[in-house]
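Accompanying notes for the structure given below.
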Amino acid sequence: MTFGITPSQTVGPYFAYGLTPNGKYDWKDTFGNNLVTADAAGERIRIEGRIFDGDGAPITDSMLEIWQADAQGRYASPADPRPRNSTFQGFGRTGTDAEGRFSFETIKPGSVPGPDDTPQAPHILVGVFARGMLRQSYTRIYFDDEPGNAADPILALVPADRRGTLVAAKSVQNGHPVYTFDIRMQGDTETVFFEI
Amino acid sequence: MTFFFPTQSLSAFPPRLSPGYKSTPKRCPTKPLILMKHTLSELTGPVYGQDAVQPGDEDLTRQHAGEPLGERIIVHGRVLDEDGRPVPNALVEIWQANACGRYIHVVDQHPAPLDPNFTGAGRSKTDENGHYKFITVKPGAYPWGNHPNAWRPAHIHFSMFGHSFVSRLVTQMYFPGDPLFQYDPIFNSVTDENARNRMVSSFDLENTVPEWALAYRFDIVLRGRNQTPMES
Ligand SMILES: [Fe+2]
Numbered sequence: 001m002t003f004g005i006t007p008s009q010t011v012g013p014y015f016a017y018g019l020t021p022n023g024k025y026d027w028k029d030t031f032g033n034n035l036v037t038a039d040a041a042g043e044r045i046r047i048e049g050r051i052f053d054g055d056g057a058p059i060t061d062s063m064l065e066i067w068q069a070d071a072q073g074r075y076a077s078p079a080d081p082r083p084r085n086s087t088f089q090g091f092g093r094t095g096t097d098a099e100g101r102f103s104f105e106t107i108k109p110g111s112v113p114g115p116d117d118t119p120q121a122p123h124i125l126v127g128v129f130a131r132g133m134l135r136q137s138y139t140r141i142y143f144d145d146e147p148g149n150a151a152d153p154i155l156a157l158v159p160a161d162r163r164g165t166l167v168a169a170k171s172v173q174n175g176h177p178v179y180t181f182d183i184r185m186q187g188d189t190e191t192v193f194f195e196i
Numbered sequence: 001m002t003f004f005f006p007t008q009s010l011s012a013f014p015p016r017l018s019p020g021y022k023s024t025p026k027r028c029p030t031k032p033l034i035l036m037k038h039t040l041s042e043l044t045g046p047v048y049g050q051d052a053v054q055p056g057d058e059d060l061t062r063q064h065a066g067e068p069l070g071e072r073i074i075v076h077g078r079v080l081d082e083d084g085r086p087v088p089n090a091l092v093e094i095w096q097a098n099a100c101g102r103y104i105h106v107v108d109q110h111p112a113p114l115d116p117n118f119t120g121a122g123r124s125k126t127d128e129n130g131h132y133k134f135i136t137v138k139p140g141a142y143p144w145g146n147h148p149n150a151w152r153p154a155h156i157h158f159s160m161f162g163h164s165f166v167s168r169l170v171t172q173m174y175f176p177g178d179p180l181f182q183y184d185p186i187f188n189s190v191t192d193e194n195a196r197n198r199m200v201s202s203f204d205l206e207n208t209v210p211e212w213a214l215a216y217r218f219d220i221v222l223r224g225r226n227q228t229p230m231e232s
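Top line first, the protein sequences correspond to chains A and B.
Position one of the first sequence corresponds to residue 1 (UniProt numbering), numbered consecutively onward.
Position one of the second sequence corresponds to residue 1 (UniProt numbering), numbered consecutively onward.
See the structure below:
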């Protein structure tokens with residue numbers, strides 16, 4: 001017998017005090033936007049961007065969650081049996097601010113096994129939640145300095161003229177690598193979302 | 001145990017574009033979503049440390065100096081997967097309006113009183129049988145600007161993690177027999193009646209504590225099925 005799943009409903013406009021209090025409410029965060037642990041190997045990076053609606057207006061009340069492998073491409077999950085060597089958890093959560101901005105401090109993930117033993121280029125999964133979104137939308141962050149992107153089996157599923165929406169652009173700010181990744185829900189440069 | 005996550009199960013979810021809910025048209029993707037087979041990235045999901053939930057986090061009536069006003073209730077149930085197996089150690093986060101229908105969130109300007117003894121946030125972890133339990137007060141209905149005289153049925157927001165990143169679920173728990181159901185475009189965004197009713201808790205006399213609190217039961221089913229032995 002199969003049980004029907006519980007339907008999704010919007011996170012609504014008022015989730016912040018429960019899910020992303022971030023010092024503004026009398027409640028502690030379960031997760032934050034800094035994923036770095038002292039023992040995590042790999043390159044420390046910042047990911048930052050903004051999220052926009054169909055009018056090009058910033059979405060100021062959204063929540064983003066990210067899920068990623070460590071620098072060796074291993075997930076901190078029972079479903080990934082490979083042993084890990086750090087306490088890096090690979091999960092982060094943040095709200096967006098009055099300009100629709102978000103950021104994460106993390107480490108750059110390694111290449112991850114893909115379908116039919118094809119490696120996937122380094123990437124991060126993103127779940128997007130907001131008022132007006134009855135269910136989360138899923139996208140992926142790739143990195144523009146990764147030569148493996150050209151052979152990535154998931155990017156290959158995406159029409160070539162839309163792939164760029166999944167690739168974060170590297171810059172160096174105060175000697176620190178920063179990748180910029182904007183999310184556009186609609187429009188000519190609408191971000192690619194996946195049905196997973 | 002190896003799990004898989006049929007995308008057909010997502011037919012129970014509301015469509016992303018649901019024009020009756022006026023915030024959806026400008027916030028939903030309009031280009032086709034890319035279909036893909038799940039990779040290790042989708043099949044894995046976060047675990048959280050033992051300190052993610054502290055003792056008392058599940059009791060929303062004991063977070064301040066005094067007790068909140070309103071009808072004290074117990075909300076409990078099980079988190080299951082699509083095979084009906086319990087999901088143990090699942091993180092369940094909730095947030096809700098107070099008994100007057102007012103959220104503590106700074107943006108909520110509904111002219112109903114805040115309660116200094118109620119924040120409205122809680123979290124719990126399921127036990128080995130997938131069971132969770134909260135103590136809270138029954139939230140009030142509240143107005144919103146979607147259409148003239150729009151009111152949300154009383155609800156508690158729920159957020160859950162399951163076997164993988166794709167079993168992540170944010171939903172709302174409703175109360176049985178709410179007269180506002182038929183007018184609410186968020187509730188009715190779920191077009192299948194059976195699926196819609198899975199968001200409605202049931203009154204649970206058996207777990208009511210005499211002379212103390214009524215109980216409501218809300219079981220949650222997350223995506224995830226066990227691979228058959230043949231496939232593993
Ligand atoms: Fe609400």
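In this text, a Cβ means the ideal position worked out from N, Cα and C, and glycines have one as well.
With 8 Å set as the bound, which would you pick, yes or no: does the beta-carbon of residue i sit closer than that to a beta-carbon of chain B?
i: A:R101; result: no
i: A:P13; result: yes
i: A:S86; result: no
i: A:A130; result: yes
i: A:T2; result: yes
i: A:Y17; result: yes
i: A:T94; result: no
i: A:D70; result: no
i: A:P113; result: yes
i: A:E105; result: no
i: A:T6; result: yes
i: A:A79; result: yes
i: A:S171; result: no
i: A:L157; result: yes
i: A:V178; result: no
i: A:A76; result: yes
i: A:F194; result: yes
Consider the Cβ of residue i: report whether some Cβ of chain A lies at a distance smaller than 8 Å.
i: B:I220; result: yes
i: B:E71; result: no
i: B:K26; result: yes
i: B:R168; result: yes
i: B:E231; result: In this prediction, B:E231 has a pLDDT of 45, which is less than 50 and means its spatial position is unreliable; nothing more can be read from the coordinates.
i: B:F165; result: yes
i: B:S9; result: yes
i: B:N194; result: yes
i: B:W95; result: yes
i: B:Q227; result: no
Just grab the DSSP bridge partners of residue i for me.
i: A:Q186; result: Answer by DSSP bridge pairing: none, since A:Q186 is not bridged.
i: A:Y138; result: A:G127 and A:F194
i: A:W67; result: A:F91 and A:L125
i: B:I35; result: Note that residue 35 of chain B corresponds to Leu in the displayed sequence, not to Ile. Answer is A:E195, bridged to B:L35.
i: B:V92; result: B:S124 and B:M160
i: B:H131; result: B:R78
i: B:R225; result: B:F4
i: A:T119; result: Strictly speaking, residue 119 of chain A in this sequence is Pro, with Thr absent from that position. DSSP lists A:P113 as partners of A:P119.
i: B:I104; result: Bridge partners of B:I104: none, in fact.
i: A:G49; result: A:F102
i: B:T136; result: B:I73
Given a cut-off of 8 Å, decide if residue j and residue i are closer than it, judged by their beta-carbon atoms.
i: B:C28; j: A:M63; result: no
i: B:T39; j: A:S77; result: no
i: residue 257 of chain A; j: A:I141; result: Within the shown structure, residues of chain A are numbered from 1 to 196, placing residue 257 of chain A beyond reach of any answer.
i: A:L119; j: A:P109; result: At residue 119 of chain A the sequence reads Pro, which differs from the Leu that was named. Not in contact: A:P119 and A:P109 (Cβ atoms no closer than 8 Å).
i: A:P7; j: B:M199; result: yes
i: B:V92; j: B:R123; result: yes
i: A:S171; j: A:T165; result: no
i: B:I73; j: B:F158; result: no
i: B:I186; j: A:Q136; result: no
i: A:G100; j: A:T60; result: yes
i: B:I34; j: A:G18; result: no
i: B:A12; j: B:D127; result: no
i: A:V178; j: A:E48; result: yes
i: residue 204 of chain A; j: A:V112; result: In the structure as shown, chain A starts at 1 and stops at 196, and residue 204 of chain A therefore has no counterpart that could be examined.
Answer yes or no: does any C-beta atom of chain E fall closer than 8 Å to that of residue i?
i: B:F175; result: This model lacks chain E altogether, as its protein chains are A and B.
Cβ-heavy atom distance between residue i and ligand 2 below 7 Å?
i: B:G120; result: Ligand 2 is not among the ligands present in this structure, which contains only ligand 1.
**Asked** In chain order, which beta strand (DSSP E) runs of at least 3 residues are fully inside the region 142 to 184 of chain A?
**Response** Every beta strand (DSSP E) of 3 residues or more that sits fully in the region 142 to 184 of chain A is shown, in chain order, as 167 to 173 and 176 to 180.
**Prompt:** Taking contact to mean at least 3 C-beta pairs separated by less than 8 Å, is the region 135 to 154 of chain A in contact with the region 16 to 24 of chain A?
**Reply:** Taking 8 Å as the limit for Cβ pairs, the verdict is that the region 16 to 24 of chain A does not touch the region 135 to 154 of chain A.
**Asked** Along the chain, which unbroken stretches of the beta strand (DSSP E) at least 3 residues long are found entirely within the region 138 to 219 of chain B?
**Response** Runs found: 142 to 144, 150 to 152, 155 to 160, 169 to 174 and 214 to 217.
**Request:** Say whether the region 158 to 177 of chain B touches the region 106 to 120 of chain B, bearing in mind that this needs 3 or more beta-carbon pairs closer than 8 Å, one atom from each stretch.
**Result:** The region 158 to 177 of chain B is not in contact with the region 106 to 120 of chain B.
**Prompt:** Which residue spans inside the region 71 to 115 of chain A form an unbroken beta strand (DSSP E) run of at least 3?
**Reply:** Segments of the beta strand (DSSP E) lying fully in the region 71 to 115 of chain A: 91 to 95 and 101 to 107.
**Request:** Say whether the region 124 to 138 of chain B touches the region 77 to 92 of chain B, bearing in mind that this needs 3 or more beta-carbon pairs closer than 8 Å, one atom from each stretch.
**Result:** With the cut-off at 8 Å, the region 124 to 138 of chain B and the region 77 to 92 of chain B touch.
**Item:** Any 3 or more C-beta pairs closer than 8 Å across the region 152 to 164 of chain B and the region 180 to 188 of chain B
**Value:** Result yes; three or more Cβ-Cβ pairs closer than 8 Å.
**Item:** Touching by the beta-carbon criterion (3+ pairs, under 8 Å), the region 70 to 84 of chain A and the region 25 to 39 of chain A
**Value:** Contact between the region 70 to 84 of chain A and the region 25 to 39 of chain A is absent, because fewer than three Cβ pairs lie under 8 Å.
**Message:** For the structure I just gave you, are there three or more beta carbon pairs, one from the region 79 to 94 of chain A and one from the region 9 to 20 of chain B, closer than 8 Å?
**Reply:** Counting Cβ pairs under 8 Å, fewer than three are found: no touch.
**Asked** Do the region 89 to 96 of chain A and the region 58 to 71 of chain B make contact, defined as three or more Cβ pairs closer than 8 Å?
**Response** The region 58 to 71 of chain B and the region 89 to 96 of chain A do not touch, with fewer than three beta-carbon pairs separated by less than 8 Å.
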